[in-house]
Amino acid sequence: MELGAINPVLLLASLMVAATPLLLAAIGELVAEKAGVLNLGVEGMMIVGAICGFAVAVETANPFIGFLAAALGGALLSLLFALLTQVALANQVASGLALTLFGLGLSALMGQGYVGIKPPPTPRLDLPVLSDLPVIGRVLFSHDPILYLGLFIAAAVWYLLRFTRAGLILRSVGENHDAAHALGYKVVRIRILAILFGGACAGLGGAYISLIRVPQWTEGMTAGVGWIALALVVFASWKPWRAVLGAYLFGGVTVMQLNLQAAGVAIPVEYLAMSPYLITILVLVILSADKSNAPASLGKTFHASS
Amino acid sequence: MKFTSLLTGAALALGLASTALADDPTKVGFVYVGPVGDGGWTYEHDQGRKAVEAEFGDAVETVFVENVAEGPDAERVMTQMALDGADLIFTTSFGFMDPTINVASKFPNVKFEHATGYKRADNVSTYSARFYEGRAIQGHIAGKMTESNIIGYIASFPIPEVIRGINAAYLHAARVNPDVEFKIIWVYTWFDPAKEADAAKALIEQGADVVLQHTDSTAPQAAAQEAGNVITFGQASDMEQYAPMPRVSSIIDNWAPYYIERTRAVMEGTWESVDTWDGIPTGMVEIGEITDAVPEDVKAEALAMKEAIRAGDYHPFTGPLKKQDGSDWLADGEVADDATLASMSFYLEGLEGEIPN
Numbered sequence: 050m051e052l053g054a055i056n057p058v059l060l061l062a063s064l065m066v067a068a069t070p071l072l073l074a075a076i077g078e079l080v081a082e083k084a085g086v087l088n089l090g091v092e093g094m095m096i097v098g099a100i101c102g103f104a105v106a107v108e109t110a111n112p113f114i115g116f117l118a119a120a121l122g123g124a125l126l127s128l129l130f131a132l133l134t135q136v137a138l139a140n141q142v143a144s145g146l147a148l149t150l151f152g153l154g155l156s157a158l159m160g161q162g163y164v165g166i167k168p169p170p171t172p173r174l175d176l177p178v179l180s181d182l183p184v185i186g187r188v189l190f191s192h193d194p195i196l197y198l199g200l201f202i203a204a205a206v207w208y209l210l211r212f213t214r215a216g217l218i219l220r221s222v223g224e225n226h227d228a229a230h231a232l233g234y235k236v237v238r239i240r241i242l243a244i245l246f247g248g249a250c251a252g253l254g255g256a257y258i259s260l261i262r263v264p265q266w267t268e269g270m271t272a273g274v275g276w277i278a279l280a281l282v283v284f285a286s287w288k289p290w291r292a293v294l295g296a297y298l299f300g301g302v303t304v305m306q307l308n309l310q311a312a313g314v315a316i317p318v319e320y321l322a323m324s325p326y327l328i329t330i331l332v333l334v335i336l337s338a339d340k341s342n343a344p345a346s347l348g349k350t351f352h353a354s355s
Numbered sequence: 200m201k202f203t204s205l206l207t208g209a210a211l212a213l214g215l216a217s218t219a220l221a222d223d224p225t226k227v228g229f230v231y232v233g234p235v236g237d238g239g240w241t242y243e244h245d246q247g248r249k250a251v252e253a254e255f256g257d258a259v260e261t262v263f264v265e266n267v268a269e270g271p272d273a274e275r276v277m278t279q280m281a282l283d284g285a286d287l288i289f290t291t292s293f294g295f296m297d298p299t300i301n302v303a304s305k306f307p308n309v310k311f312e313h314a315t316g317y318k319r320a321d322n323v324s325t326y327s328a329r330f331y332e333g334r335a336i337q338g339h340i341a342g343k344m345t346e347s348n349i350i351g352y353i354a355s356f357p358i359p360e361v362i363r364g365i366n367a368a369y370l371h372a373a374r375v376n377p378d379v380e381f382k383i384i385w386v387y388t389w390f391d392p393a394k395e396a397d398a399a400k401a402l403i404e405q406g407a408d409v410v411l412q413h414t415d416s417t418a419p420q421a422a423a424q425e426a427g428n429v430i431t432f433g434q435a436s437d438m439e440q441y442a443p444m445p446r447v448s449s450i451i452d453n454w455a456p457y458y459i460e461r462t463r464a465v466m467e468g469t470w471e472s473v474d475t476w477d478g479i480p481t482g483m484v485e486i487g488e489i490t491d492a493v494p495e496d497v498k499a500e501a502l503a504m505k506e507a508i509r510a511g512d513y514h515p516f517t518g519p520l521k522k523q524d525g526s527d528w529l530a531d532g533e534v535a536d537d538a539t540l541a542s543m544s545f546y547l548e549g550l551e552g553e554i555p556n
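And the structure:
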């Protein structure tokens, strides 16, 4: 065992990268669920975002246009879910699962010409003084802009939900759609917007994997991150900062366990491999002892006539 | 009147059906563990499937299911294929072994071929390639080229196949560079680009300047490229898009001749349950181009080893060899037998760490 082989600065830096796709997807889903919509199609929206972002970034040789396209792609796919559940009043669970399957298939089709291609590199932020700071500079100030965008979105969602009128309306729609409707709020419209936001965030998260974390396109490359994001929202008791914490914890333990293995730490590999799931769930369960509940109308179909 | 016409119709339909049956193309199914676009393991199996189609044309019909999880799902997929009339089913991952045996016992008339397993039955053949021959060559190049003397290895599951690969690579790296150290990460997946990329990054951050992998995606190559000055090898497939650096050579699985031969055996009714384990001599294992990033003399040595293996003059596991715990395994000049290799569950002397259970 040689723990000295692990460089804590590089470890911290790479845990932030590993956490970002999860964070983006979880924040998007959190907003949708706060509005009372349970969209199980996160994985599908992520993978479609991954290929949309990848394809456009390759074609335009500009990763940022790629990310924009990824957000659009994810949102477009989620629009399908919105039409099914909000207009056609289909079951949300079934529609979400169908969305994931559809997204996986669609992305494989779209990605056929993009296997084995290298995407344009996403530049790292290079702030004159901050990036040069010892330790902190490498950990905090020399990542790609999308990583900061993820944190910014999380902060903005927290602020919006907690302090603004728009956030209050969104939450009321999620808690009791009949009451919100009686007060004159457009329940369906608000929910569709929330779904689109969730889709855009999931798309960004997917593109983060295909453009920065891996970076290349392969079918099925999101490999379950969307499902972990779904679980994370629940374990974070629908609170944005806990979702951030959960994502960083999960990303951190994932990277940490690989580093521990490489350093030859004498903990059985099986325990290390399951540690990200166990530790994240454990911490969030302890944190959620304050009895925060799910939005009351979560997953329920709304129709103005009923 | 109506009744007779009905009967005639039925008889006609039956007749048609039986002639249709006689002309039925031979149906060959493939069960894949990853997506056909993984650029590695499953990609090469699918190339083999396409070769079967190209060889026999309309006389065969191939079907495949990709991304099949190693578990109950695999049994469902195989059962469905057998019910749909497949005559021959290739199941191409170690974890499909028990499902294959289970389903095969329910369909005695369907032939099964399981890749990399060791359980057989009257209608189940096994086949695998001697990848360790290629890994010995990679180990040689890795040992010669590493400057940090740290070689990273991304391992999938602790099965004999993977352990054999680690041993073969380590043995030949250590032989040309006694200071070499292997850092091994078990990722418990065949295909998860994000995890493979993270593993490669962790190894590189800990000083590895050579990364070997026993997983199926090209994510480690991408990570190595970003890090710069790290070399990798194509696994299962050539992964030439990363040549000449970081990918400096590769092990390629060439299943096409085997798939064509076995399909022909089913069509001609000569199929028998066999155990095939071929390597460099028959071309089932190929070594992809060794690029100019490798010094000339190292390249020549690697090619010489390949030629010696092809000619049967050299076996990568030739004694004297000891196990990790210091006990003797092979005496001087003794060559490992296939049974021991097929069930290999120990590290060779010099490797650190334990094999997970």
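Taken in sequence, the protein lines are chains A and B.
In terms of my numbering, the first sequence is residues 50 to 355.
In terms of my numbering, the second sequence is residues 200 to 556.
By construction, the Cβ of each residue, glycine as well, lies at the ideal position given by its N, Cα and C atoms.
1. Can you find a C-beta in chain A that's less than 8 Å from the C-beta of G287(B)?
2. Nearest chain B C-beta to Q265(A) closer than 8 Å, yes or no?
3. F289(B) to T388(B), Cα distance in whole Å?
4. Hey, could you find the ends of the alpha helix (DSSP H) K167(A) is sitting in?
5. In the DSSP assignment, what are the bridge partners of S324(B)?
6. What did DSSP end up calling Q265(A) once you bin it into helix, strand or coil?
7. Just how far apart, CA to CA, sit I335(A) and A84(A)?
8. List the residues of chain B that V304(A) touches, going by C-beta distances under 7 Å, in chain order.
9. Could you compute how far the alpha carbon of K310(B) sits from the alpha carbon of L333(A)?
10. With a threshold of 16 other CB atoms inside 10 Å of the CB of K305(B), please say whether the residue is buried or exposed.
11. Starting from the C-beta of L148(A), find all residues in its chain whose C-beta is less than 6 Å away, skip the five residues before and the five after it, and write them out in chain order.
12. Could you please give the first and the last residue of the uninterrupted alpha helix (DSSP H) stretch that includes G342(B)?
13. In the DSSP output, what is S448(B) paired with across the bridge?
14. What is the rounded straight-line gap between the Cα of D283(B) and the Cα of T261(B)?
15. Leaving out five residues on either side along the sequence, give the residues of the same chain with a beta carbon under 8 Å from the beta carbon of I218(A).
16. Per DSSP, which residues does W385(B) bridge with? Please list them.
17. Taking Cβ positions only, does A272(A) come closer than 8 Å to chain B?
18. Label R262(A) either buried or exposed according to how many other C-beta atoms from any shown protein chain fall within 10 Å of its C-beta, with 16 as the threshold for buried.
19. Among A74(A), N342(A), L87(A) and K349(A), which one has its Cα closest to the Cα of L200(A)?
20. Could you check whether the Cβ of A251(A) sits closer than 8 Å to any Cβ belonging to chain B?
21. Since H313(B) and S355(B) should fall inside the 8 Å C-beta cutoff, what is the C-beta to C-beta distance between them, to a whole number of angstroms?
22. Excluding the 5 residues preceding and the 5 following A221(B) in the sequence, name in chain order all residues of the same chain whose CB lies nearer than 7 Å to its CB.
23. Tell me the residue span of the alpha helix (DSSP H) that contains L281(A).
24. Which one of A372(B), A320(B) and N366(B) has the shortest CA to CA distance from A341(B)?
25. List, in order along the chain, the chain C residues whose C-beta lies closer than 9 Å to that of A322(A)?
26. Would you say G216(A) and A251(A) are within 8 Å of each other, going by their C-beta atoms?
27. Runs of 4 residues minimum, wholly inside the segment 122 to 199 of chain A: which ones carry the alpha helix (DSSP H) assignment?
28. Measuring alpha carbon to alpha carbon, tell me which of V232(B), K249(B) and A285(B) ends up nearest D223(B).
29. Which residues of the segment 118 to 141 of chain A have a Cβ closer than 8 Å to any Cβ of chain B? Give them in chain order.
30. Might you give, ordered along the chain, the residues of its own chain that have their beta carbon closer than 6 Å to the beta carbon of T325(B), omitting 5 neighbours on each side?
31. Measuring CB atoms only, is the segment 391 to 398 of chain B touching the segment 302 to 311 of chain A, in the sense that at least three cross pairs come out at less than 8 Å?
32. Looking at the secondary structure, which residues open and close the alpha helix (DSSP H) in which L294(A) lies?
33. Along the beta strand (DSSP E) that carries L87(A), what are the first and last residues, could you check?
34. Establish whether the CB of A221(B) and some CB of chain A are separated by less than 8 Å.
35. How about G255(A): is its C-beta nearer than 8 Å to some C-beta of chain B?
36. K400(B) and S63(A) - do their beta-carbons sit closer together than 8 Å?
On the basis of the data shown:
1. The sequence as given places Leu at residue 287(B); Gly does not occur at that position. No - not a single Cβ of chain A is within 8 Å of the one on L287(B).
2. yes
3. 21 Å
4. Run containing K167(A): none; DSSP gives neither H nor E here.
5. E312(B)
6. coil
7. 25 Å
8. D397 and A401
9. 50 Å
10. exposed
11. G90, G93 and F130
12. F330 to M344
13. F432(B)
14. 12 Å
15. A229, Y234 and I239
16. A354(B)
17. yes
18. buried
19. A74(A)
20. no
21. Actually they do not touch by this definition, with Cβ atoms about 17 Å apart.
22. Unreliable positioning characterises A221(B) in this predicted model, as indicated by a pLDDT of 48, which lies under 50. The coordinate reading is nonetheless provided below. Answer for A221(B): no residue qualifies.
23. V274 to F284
24. A372(B)
25. Included in the structure are the protein chains A and B, with no chain C among them.
26. no
27. 141 to 159 and 185 to 189
28. A285(B)
29. none
30. H313, G316, R319 and D474
31. yes
32. P289 to A311
33. Run containing L87(A): none; DSSP gives neither H nor E here.
34. Residue placement at A221(B) is flagged as unreliable, the pLDDT there being 48, under the threshold of 50; a coordinate-derived value is accordingly withheld.
35. no
36. yes
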